[in-house]
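Reminder that position 70 of the sequence shown reads as 112 in the working numbering, one-by-one numbering, no gaps. The C-beta atom is built at its ideal place from N, Cα and C for all residues, glycine as well. Report on the following structure.
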Amino acid sequence: MTPKKPLPPGDSKKCTIIISTVSDHDNEELQECIATCLVNDPKAIILSTDNPQRANGLQNLARHMRTPGIEISVEQSGVASKRKQMIQAANRVTTPLIAFIDDHVFLPQSFLCSSISEFEDQRIGICGTEKKVRRKALLSKSIIGKYWERLWNFLGMVYLERHNYEIRATNAMDGGVFVVSSRAMLIRSSIVKDKAFQDAFLDELVFGTSGPIDVGDDNFITCWILLSLEWKIAISRVHVETTLGEFSKMIWQLLRWRRTTYQNLAMVALAMDGVDSICSIAFQLRDHMGHWNGLLSRKH
């Protein structure tokens, strides 16, 4: 059992921020992400990337953005794998908390202090956040093109806003959530640095046959926390901002999310006991099968 240690409330220096990225050093979203992380005054920021060439560029960026009292370092895993990049960086952490932040997420100044306060409860192992989508600058010159861009930006906003309500409600009811998004999460370092966790995280297979898989890192972490029965999940009220809703990217994101959702629900069902648990998984599948919704909701 992982030891539970008390954590002083609101102390941002108890946290290291890890940004896993395959973006180059001149990426404007990455630069803004780092800037908002620096404003939160963590103990350290680790940029974890995939190859030595990109790492060299990020080291130059780190030197340019260096701030007194905050260490900025760069790690590279040798392969473009978010899971490996996360673990590579986590093994360098010396603080009791880790904040995993995606490279297109922008933090409010109160992010760390507000989220760290959730860990005053020693049973809390992970803390999620609420998210909102940044309104995208329109690039098209035509009226139709502008409306097309706005449509997809709106769909991205609706997707994440729905998650905010669902996660807040389910966590309040029974302490669970369907996922703690790794766009922005805080987790105790002792969980991530545990060898059993790392071995399972880096070698997750689909039904024990194909893999290891690299997508769905946040699904894995959430399941690990829930099924351990040792830790609880908190959801902070602080909002982070992100970009989402670009047509060329979002189509593939939706397909990937749908695939990982079905896979994750099936794996959770296998790990849970009892008819009620299996039924709860089956009812979640309604969200992806519109014609079942009317049937299941019909009054007889």
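Problem set entry | Extent of the continuous beta strand (DSSP E) to which V116 belongs | Residue mapping note: residue 116 aligns to position 74 of the sequence shown, counting from 1. It spans E113 to Q118 - the beta strand (DSSP E) in which V116 sits, taken as one unbroken run.
For this session: Taking all protein chains shown into account, decide if L269 is buried (16 or more other Cβ within 10 angstroms of its Cβ) or exposed.
Result: Here the question's residue 269 lines up with position 227 in the sequence shown. L269 is exposed by the Cβ-count criterion.
Exercise. In the DSSP assignment, what residue or residues form a beta bridge with D144?
Worked result: For the purposes of this step, residue 144 is taken as residue 102 along the sequence shown, with counting starting at 1. For D144, the beta-bridge partners assigned by DSSP are S62.
Exercise. Would the beta-carbon of R134 fall within 7 Å of that of L244?
Worked result: Position 92 of the sequence shown, counting from 1, holds the residue named residue 134. Position 202 of the sequence shown, counting from 1, holds the residue named residue 244. Contact: no.
For this session: For H106, name the three-state secondary structure that DSSP assigns.
Result: Reading the sequence shown from its first residue, position 64 is the one you call residue 106. Three-state DSSP puts H106 in a helix.
For this session: Taking I277 as part of the beta strand (DSSP E), name the residues at either end of that continuous run.
Result: Taking the sequence shown and counting its residues from 1, one reaches residue 277 at position 235. Residues K274 to T284.
Problem set entry | Three-state secondary structure (DSSP) of L89 | As a first step, residue 89 must be located in the sequence shown, where it is residue number 47. When DSSP states are grouped into helix, strand and coil, L89 belongs to the strand group.
Problem set entry | Where G218 falls: helix, strand or coil (DSSP) | Position 176 of the sequence shown holds residue 218. In the structure shown, G218 sits in coil (DSSP, three-state: anything other than H, G, I, E or B).
For this session: Give the straight-line distance between the Cα atoms of R96 and K178, rounded to the nearest whole angstrom.
Result: As a first step, residue 96 must be located in the sequence shown, where it is residue number 54. As a first step, residue 178 must be located in the sequence shown, where it is residue number 136. R96 and K178 have their C-alpha atoms spaced approximately 27 Å apart.
Exercise. For V175, which of helix, strand or coil comes out of DSSP?
Worked result: For the purposes of this step, residue 175 is taken as residue 133 along the sequence shown, with counting starting at 1. DSSP places V175 in strand when its eight states are reduced to three.
Exercise. Which of the three DSSP states, helix, strand or coil, is assigned to S252?
Worked result: Position 210 of the sequence shown, counted from the first residue, corresponds to residue 252. The answer is strand: DSSP assigns S252 an E or B state.
Problem set entry | Pair within 7 Å by beta-carbon distance, L100 and T91 | Sequence index remark: in the sequence shown, residue 100 carries index 58 (1-based). Sequence index remark: in the sequence shown, residue 91 carries index 49 (1-based). Yes, the Cβ-Cβ distance between L100 and T91 is below 7 Å.
Exercise. What does C57 pair with, by DSSP beta-bridge criteria?
Worked result: Looking up residue 57 in the sequence shown gives position 15. As a beta-bridge residue in DSSP terms, C57 pairs with L139.
Exercise. Would L60 be called buried (16 or more neighbouring beta carbons within 10 Å of its own) or exposed?
Worked result: Counted from its first residue, the sequence shown places residue 60 at position 18. It should be pointed out that residue 60 corresponds to Ile in this sequence rather than to Leu. Burial call: buried.
Exercise. Under a Cβ-count criterion, where at least 16 other Cβ atoms within 10 Å of its own Cβ denotes burial, should I277 be classed as buried or exposed?
Worked result: On the sequence shown, residue 277 is found 235 positions in, with the first residue counted as 1. By the neighbour-count criterion, in which a residue is buried when 16 or more other Cβ atoms sit within 10 angstroms of its Cβ, I277 is buried.
Exercise. Around the Cβ of M215, are there at least 16 other Cβ atoms within 10 angstroms (buried) or fewer (exposed)?
Worked result: Position 173 of the sequence shown holds residue 215. M215 comes out exposed.
For this session: Answer yes or no: do R230 and D144 have a C-beta to C-beta separation smaller than 7 Å?
Result: The residue labelled residue 230 in the question sits at position 188 within the sequence shown. The residue labelled residue 144 in the question sits at position 102 within the sequence shown. No. Outside cutoff.
Problem set entry | Simplified DSSP assignment, three categories, for L228 | Numbered from 1 along the sequence shown, position 186 holds the residue referred to as residue 228. DSSP places L228 in strand when its eight states are reduced to three.
For this session: Tell me where the alpha helix (DSSP H) around K126 begins and ends.
Result: As a position in the sequence shown, residue 126 is number 84, starting the count at 1. Looking at the DSSP string, the run of the alpha helix (DSSP H) that includes K126 is K124 to A132.
For this session: Give me the Cα-Cα distance between S184 and R192, rounded to the nearest whole angstrom.
Result: Here residue 184 refers to the residue found at position 142 of the sequence shown. Here residue 192 refers to the residue found at position 150 of the sequence shown. Straight-line Cα distance between these residues: approximately 12 Å.
Problem set entry | Beta-carbon proximity check, C169 vs L228, cutoff 7 Å | In the sequence shown, the residue the question calls residue 169 occupies position 127. In the sequence shown, the residue the question calls residue 228 occupies position 186. Their beta carbons are under 7 Å apart, which means C169 touches L228 by this criterion.
Exercise. Is it right to say G218 is buried, meaning 16 or more other beta carbons lie within 10 angstroms of its own, or is it exposed?
Worked result: Walking along the sequence shown from the start, residue 218 turns up at place 176. Exposed is the call here.
Exercise. With distances taken from CA atoms, which of V222, T137 and L286 is nearest L197?
Worked result: Sequence index remark: in the sequence shown, residue 197 carries index 155 (1-based). Selected option, being the one with the closest Cα: L286.
Exercise. K55 to E246, Cα distance in whole Å?
Worked result: Position 13 of the sequence shown holds residue 55. Position 204 of the sequence shown holds residue 246. Distance between the alpha carbons of K55 and E246: 32 Å.
Exercise. Which word fits G258, buried or exposed, when buried means at least 16 other C-beta atoms lie within 10 angstroms of its C-beta?
Worked result: Position 216 of the sequence shown, counted from the start, is the residue given in the question as residue 258. The residue is buried, with at least 16 neighbouring Cβ atoms inside 10 Å.
For this session: Answer with buried or exposed for T63, where buried requires no fewer than 16 other C-beta atoms within 10 angstroms of its C-beta.
Result: Within the sequence shown, numbered from 1, the residue matching residue 63 stands at position 21. Buried is the call here.
Exercise. Is the Cβ-Cβ distance between Q130 and S119 less than 7 Å?
Worked result: Stepping through the sequence shown from its first residue, residue 130 is reached at position 88. Stepping through the sequence shown from its first residue, residue 119 is reached at position 77. Yes; because the gap between Cβ atoms is below 7 Å, this pair is in contact.
Exercise. Is the beta carbon of K16 less than 7 Å from the beta carbon of S182?
Worked result: No information on residue 16 is available, as it lies outside the stretch 43 to 342 that the chain covers here.
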